[in-house]
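Adding 5 to a residue's 1-based position in the sequence shown gives its number in the working numbering.
So the structure is just underneath, and the comments pick up after that.
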Amino acid sequence: MIFGVLAIQGAIEEHEEALKKAGYEAKKVRNKEDLKDIDALIIPGGESTTIGKLMKKYGLFESIKNSSLPILGTCAGMVLLSKDSGYKQDLLGLMDITVKRNAYGRQRESFEKEIYFKDIGKIYGVFIRAPVVDKILSDDVEVIAKDDDKIVGVMQDRYMALSFHPELSEDGYKVYKYFVKHCVK
Numbered sequence: 006m007i008f009g010v011l012a013i014q015g016a017i018e019e020h021e022e023a024l025k026k027a028g029y030e031a032k033k034v035r036n037k038e039d040l041k042d043i044d045a046l047i048i049p050g051g052e053s054t055t056i057g058k059l060m061k062k063y064g065l066f067e068s069i070k071n072s073s074l075p076i077l078g079t080c081a082g083m084v085l086l087s088k089d090s091g092y093k094q095d096l097l098g099l100m101d102i103t104v105k106r107n108a109y110g111r112q113r114e115s116f117e118k119e120i121y122f123k124d125i126g127k128i129y130g131v132f133i134r135a136p137v138v139d140k141i142l143s144d145d146v147e148v149i150a151k152d153d154d155k156i157v158g159v160m161q162d163r164y165m166a167l168s169f170h171p172e173l174s175e176d177g178y179k180v181y182k183y184f185v186k187h188c189v190k
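As structure tokens, this is what we get:
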């Protein structure tokens with residue numbers, strides 16, 4: 006199985022290394038032609054407004070939006086998969102959720118915490134200026150991860166969005182395997 010990692014800004018190398026440790030092949034996606042050679046796509050953490058603008062600049066925005074690829078969005082990737090973030094920015098809008106950007110505060114308030122992940126149990130989540138799911142807009146969206154009362158992981162059809170960074174945790178491989186099992190058909 007070949008994962009593409011959107012390689013225009015954000016935690017690119019970290020995802021590549023974590024995917025390889027989990028037993029998957031990883032390939033950088035820099036243009037729409039790169040989408041042809043992958044089985045699933047990761048939109049990494051970074052800055053969602055910047056990633057969205059660069060996706061448009063490099064001709065990736067519409068190609069990703071219209072593709073049939075399973076997509077895992079982490080942190081900024083969650084924001085980009087949402088319908089609304091409370092900010093004026095380009096969003097893929099592929100998941101029936103709204104999010105609150107930077108819900109945990111600024112960069113200096115970043116932290117690691119044990120959270121609950123469906124069918125896996127407790128795992129460590131690394132939160133860096135992380136968003137949270139503000140509203141679920143459809144019964145098709147399933148909550149898969151929570152930090153106390155905050156929704157930090159959701160799944161809908163072939164899409165998964167996470168507030169935290171699985172690529173920075175020893176437990177991250179479990180999340181990639183969960184994504185493959187439930188979203189890659």
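Ideal Cβ placement from N, Cα and C applies to all residues, glycine included.
On a predicted model such as this, the values are computed, not experimentally measured, just so you know.
By the CB criterion at 9 angstroms, I7 and D44 fall inside the cutoff. Around the CB of G78, 16 or more other CB atoms lie within 10 Å, so the residue is classed as buried. Here F66 is buried, its C-beta having at least 16 other C-beta atoms within 10 Å. Assigned with DSSP and collapsed to three states, M6 falls in coil, not helix or strand.
The alpha-carbon separation between M160 and V146 amounts to approximately 6 angstroms. Excluding sequence positions up to five before and after D89, its CB lies within less than 6 angstroms of the CB of T103, all in the same chain and listed in chain order. Between D176 and I128, the gap from beta carbon to beta carbon is short of 9 angstroms.
In this chain, the beta strand (DSSP E) harbouring A45 covers 45-48.
Boundaries of the beta strand (DSSP E) harbouring A150: 147-152, taken from the DSSP string. With fewer than 16 neighbouring CB atoms inside 10 Å of its own CB, Y92 falls in the exposed class. Within a 10 Å sphere around the beta-carbon of E172 sit 16 or more other beta-carbons, which makes this residue buried. A Cβ-Cβ contact shorter than 9 angstroms links G51 with G15.
With respect to V157, G130 sits close: the two C-beta atoms are nearer than 9 angstroms. Of the residues assessed, K41 falls on the exposed side of the cut-off, its CB having fewer than 16 other CB atoms within 10 angstroms. Secondary structure of M100 (DSSP, three-state): coil. DSSP places G57 in the uninterrupted alpha helix (DSSP H) bounded by 53-62. Burial state of E19 is buried, judged by a 10 Å Cβ sphere holding 16 or more other Cβ atoms.
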